[in-house]
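Colleague: I'd like to ask some things about the structure below.
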Amino acid sequence: EPFQVWSLKTTAPINAYPVVNDTILYFGGMDKKFYAVHAETGEIIWSYTAPYYINSTALVYHEKVYFECGFKLYALNALTGEFEWSYVANNAEPVLNIYDTDYHHSSPIEHNGIIYLADAWANVNGLNPETGELVFKYNTGAGSPIRATPIVKDSVLYLGDWDSRVYAVNMADSSLLWKHTLVGIRQYYGAIVSEFAIHDTLLYFGSQHDVYSPLDLKTGSPVWTFDDGKATYLPSTPVMYGDSVIIGTTINSNKIYSVYNGHINWEFPMDGICFVKPVIVDTVLFMNTSNFGGTGHLFAIDARNGKLINQLHITSASPTSPVVSGDLIFIGDNAGYMKAFRYKQMLEKDTANISMDTTTVSIVLKKNDENYTEKIPVNNIATGCDVLHLSNEISGNPAAKGITCTASKTSHLTQGGSFNLTCNIKPSILEVGNYQVKYTVYSERHPEKKMNKILQITIEDAVSDIMENIKSNECLVYPVPANQTIHFKLNNQQPGPVILNLFSPDGKLIFEELIRCNGSEMIIEIPINEVPVEDIGFYRLLTQKQVYTGTVLVNK
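Residues in the sequence shown are numbered consecutively from 3, following our numbering.
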């Protein structure tokens, strides 16, 4: 794949976001394994097998790596993978999956030398990082699982649960400062599922709710709301570009929004859903689609205006997220691959290059010809993905239903990929005359480079199969089908007798006439009312030097 540095295959989907510390990439997977991998090479340094699958992001702190698995928090030696300790949040059977979109468990965080982990039993647990000893515990009292990753600011712990509630807790005495419940929740919706983020005086978070509402840190009241009116939900982890928040949507919408104070700065259409955490490097937003294991993309977007810079095709997308370290970007997928790409190469202006043959094509068809399809390949001859915009215009009188083209649309064109524009022509239902099809194609990244492809289509009167070239001593039979008179035209004939025979479909002779040819060109006209119309099937013309045969079609 373009830009790829390495690829590591595991045995199950990767939902967790990876984390990089120095030169080591850490991540867990649905194969119940936790991996430490050389970030530059993809070589496994060590792996640790856990009792349940791992779908939370790890934390590296003081030479240990911490990750959640089922009902435990594990602490391993970050360099060797040796077990240090584990904390059992609850001895009950772990709640591994609450609902179909329960992709991520709460991830451990560190604050003032304490490791905090939220669990499925409505607790936030504070642990000594060296021993695993419990030093803090807060229970919401609601009994609702906590999947969102909490955040701490100024000794206040902010968290959210599966049943749409957000809490602010004073860590000094574990007292509840405020609680806010999302309003207007649809059935099965409303779970708070992302990492929390704080910007200025506002608390941001993603949820399975169609309204986005940052809360005032001190009061818990919504400061502004955003709703795109698509009955979607907005579960992505918030990231800020300046004072604007990047929001990813899911079903019914499939967009990325940049929103300031509830108003849209820009929007970017996608091909999937966003249960993910975006990354911003300078002015570039990296964000991927999850897509329930189907195909997806990792997009590089200009965070200033929402314009596509580039994209990478993901064959089997998952709700993992990209992580950037050095000049590499890392991302997992639903097929169990963890991959590293050189992301700076994705940002070069000319990584995509759409090519198409733009010479005009002339197509000449008879009305009795078979249906015809013209294919025009469009190729991405560079290493970057692009979005292809195409449209077509059909002219002629009437352009009618006899010409159909590739629908005007926007299409993702993968790196090195191709796409066929098609034009389907049905001569039998088109009027005799001239038609034109004009395709216009351009790429999202280079809209100034529009390419046109023109098809000139001519529909002529139908002729019999024997007609090839009247100038080559051939016979022309017309019109087809005949309705009043059948014409037989011969060219380059010497004077002399010509015998015309007409046969029924079963080969019986039903008409014969001897005709005198007086010149080089000869036209024979036979009124249809002189022969049994329903019986005519074949003709035979015998001249002094040539025998012509073929079918005769009449309008019954």
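Just so it is clear, CB atoms sit at the ideal spot from N, CA and C, and this is done for glycine as well.
Count the other CB atoms within 10 Å of the CB of residue 263; is the residue buried (16 or more) or exposed (fewer)?
Modeller: Counted from its first residue, the sequence shown places residue 263 at position 261. Counting Cβ neighbours within 10 Å, residue 263 comes out exposed, since fewer than 16 surround it.
Colleague: Grouping DSSP H, G and I as helix and E and B as strand, with all else coil, what is residue 475?
Modeller: Within the sequence shown, residue 475 is the residue found at index 473, counting from 1. Because residue 475 sits at a pLDDT of 45, beneath the cut-off of 50, its placement in the model cannot be relied upon, and the following sentence gives the value as read from the coordinates. Residue 475 falls in the coil class under three-state DSSP.
Colleague: Quick test of your reading: residue 89 and residue 125, contact by CB under 8 Å. State the CB separation rounded to the nearest angstrom.
Modeller: Sequence index remark: in the sequence shown, residue 89 carries index 87 (1-based). Sequence index remark: in the sequence shown, residue 125 carries index 123 (1-based). Not really, about 11 Å apart at Cβ, beyond 8 Å.
Colleague: Is it buried or exposed, residue 169, if we count other Cβ atoms within 10 angstroms and call 16 or more buried?
Modeller: Against the sequence shown, residue 169 aligns to sequence position 167. Under this definition residue 169 is a buried residue.
Colleague: So, does the region 475-485 touch the region 503-518, judging by three or more C-beta pairs under 8 Å?
Modeller: no
Colleague: Since I believe residue 256 is in contact with residue 272 (beta carbons under 8 Å), could you give me their beta-carbon distance rounded to a whole number of angstroms?
Modeller: Working through the sequence shown from its first residue, we reach residue 272 at position 270. Working through the sequence shown from its first residue, we reach residue 256 at position 254. The pair is a contact, with the Cβ atoms about 5 Å apart (cut-off 8 Å).
Colleague: Using 8 Å as the cut-off, can you tell me whether the region 79-99 makes contact with the region 46-60, which would need three or more C-beta pairs spanning the two stretches below that distance?
Modeller: Touching, per the Cβ criterion.
Colleague: Considering only residues of the same chain and omitting the five flanking positions on each side of residue 204, which have a CB-CB separation below 8 Å?
Modeller: Position 202 of the sequence shown, counted from the first residue, corresponds to residue 204. Counting only Cβ-Cβ distances below 8 Å, and skipping sequence neighbours, we find 216, 217, 218, 219, 225.
Colleague: Which residues does DSSP pair with residue 422 in a beta bridge?
Modeller: Looking up residue 422 in the sequence shown gives position 420. 379.
Colleague: Among 339, 276, 485, 369, which residue has its Cα nearest to the Cα of residue 208?
Modeller: Translated into positions along the sequence shown, residue 208 becomes position 206. With distances taken between Cα atoms, residue 208 lies closest to 276.
Colleague: What did DSSP end up calling residue 308 once you bin it into helix, strand or coil?
Modeller: By 1-based counting over the sequence shown, the position of residue 308 is 306. DSSP places residue 308 in coil when its eight states are reduced to three.
Colleague: Is residue 487 closer than 8 Å to residue 529 when the C-beta atoms are compared?
Modeller: Counting from 1 along the sequence shown, the entry for residue 529 is found at position 527. Counting from 1 along the sequence shown, the entry for residue 487 is found at position 485. Cβ atoms of residue 529 and residue 487: closer than 8 Å.
Colleague: Please state the DSSP three-state secondary structure of residue 34.
Modeller: Position 32 of the sequence shown, counted from the first residue, corresponds to residue 34. Coil at residue 34, not helix or strand.
Colleague: In chain order, what residues of the same chain lie with their CB nearer than 8 Å to the CB of residue 471, ignoring the 5 residues before and after it?
Modeller: Taking the first residue of the sequence shown as 1, we reach residue 471 at position 469. Only weak support is given to the placement of residue 471: the predicted model assigns it a pLDDT of 37, under 50, and the value that follows is read from those uncertain coordinates. Excluding residues within five positions, none has a Cβ falling inside 8 Å.
Colleague: Could you say which of 436, 265, 367 lies nearest to residue 396 if we only look at CA atoms?
Modeller: Numbered from its first residue, the sequence shown carries residue 396 at position 394. Comparing Cα-Cα distances from residue 396 to each of 436, 265, 367, the minimum goes to 436.
Colleague: So, at 8 Å on beta carbons, what are the nonlocal neighbours of residue 305 in its own chain, with the 5 sequence-adjacent residues on each side left out?
Modeller: Along the sequence shown, one-based indexing puts residue 305 at 303. Answer for residue 305: 243, 248, 260, 282, 285, 286, 287, listed in chain order.
Colleague: Start and end of the beta strand (DSSP E) containing residue 345?
Modeller: In the sequence shown, counting from the first residue as 1, residue 345 sits at position 343. No beta strand (DSSP E) holds residue 345; the alpha helix (DSSP H) holding it covers 345-348.
Colleague: Less than 8 Å between the CB atoms is what I'm expecting for residue 198 and residue 122, so what's the real figure, rounded?
Modeller: Position 196 of the sequence shown, counted from the start, is the residue given in the question as residue 198. Position 120 of the sequence shown, counted from the start, is the residue given in the question as residue 122. Wrong, their Cβ atoms sit about 18 Å apart, outside the cutoff.
Colleague: Roughly how many whole angstroms lie between the Cα atoms of residue 329 and residue 7?
Modeller: The residue labelled residue 329 in the question sits at position 327 within the sequence shown. The residue labelled residue 7 in the question sits at position 5 within the sequence shown. Straight-line Cα distance between these residues: approximately 11 Å.
Colleague: Along the chain, which unbroken stretches of the alpha helix (DSSP H) at least 4 residues long are found entirely within the region 81-160?
Modeller: none
Colleague: Would you report the Cα separation of residue 555 and residue 423, rounded to the nearest angstrom?
Modeller: On the sequence shown, position 553 is the one that residue 555 refers to. On the sequence shown, position 421 is the one that residue 423 refers to. Using only the alpha carbons, I get a separation of about 35 Å.
Colleague: In the DSSP assignment, find the beta strand (DSSP E) that holds residue 271 and state where it starts and stops.
Modeller: To locate residue 271, count along the sequence shown from 1; it is residue 269. Here the beta strand (DSSP E) through residue 271 covers 265-271.
Colleague: With which residues is residue 452 paired in a DSSP beta bridge?
Modeller: Locating residue 452 in the sequence shown gives position 450, where the first residue counts as 1. None, per the DSSP bridge assignment.
Colleague: Can you check which of these residues, 223, 202, 266, 245, is closest to residue 229 by C-alpha distance?
Modeller: Counting from 1 along the sequence shown, the entry for residue 229 is found at position 227. For the residues 223, 202, 266, 245, the minimum Cα distance to residue 229 belongs to 266.
Colleague: Grab the span of the beta strand (DSSP E) containing residue 6 for me, first residue to last.
Modeller: As a working mapping, residue 6 is identified with position 4 in the sequence shown. First-last of the beta strand (DSSP E) with residue 6: 6-11.
Colleague: Considering just the uninterrupted stretch of the beta strand (DSSP E) at residue 532, what are its terminal residues?
Modeller: As a first step, residue 532 is located in the sequence shown; it is residue number 530 there, counting from the start. Neither: residue 532 is in no beta strand (DSSP E) and is coded neither H nor E.
Colleague: According to DSSP, what are the bridge partners of residue 369?
Modeller: By one-based count along the sequence shown, residue 369 stands at place 367. Partner(s): none; residue 369 has no beta bridge.
Colleague: Inspect the CB distances between the region 360-374 and the region 334-351 and report whether three or more fall short of 8 Å.
Modeller: no
Colleague: Can you list the beta strand (DSSP E) stretches of 3 or more residues lying completely in the region 154-242, in chain order?
Modeller: Listed in chain order, the complete beta strand (DSSP E) runs (minimum 3 residues) inside the region 154-242 are 158-162, 167-172, 177-183, 199-201, 204-206.
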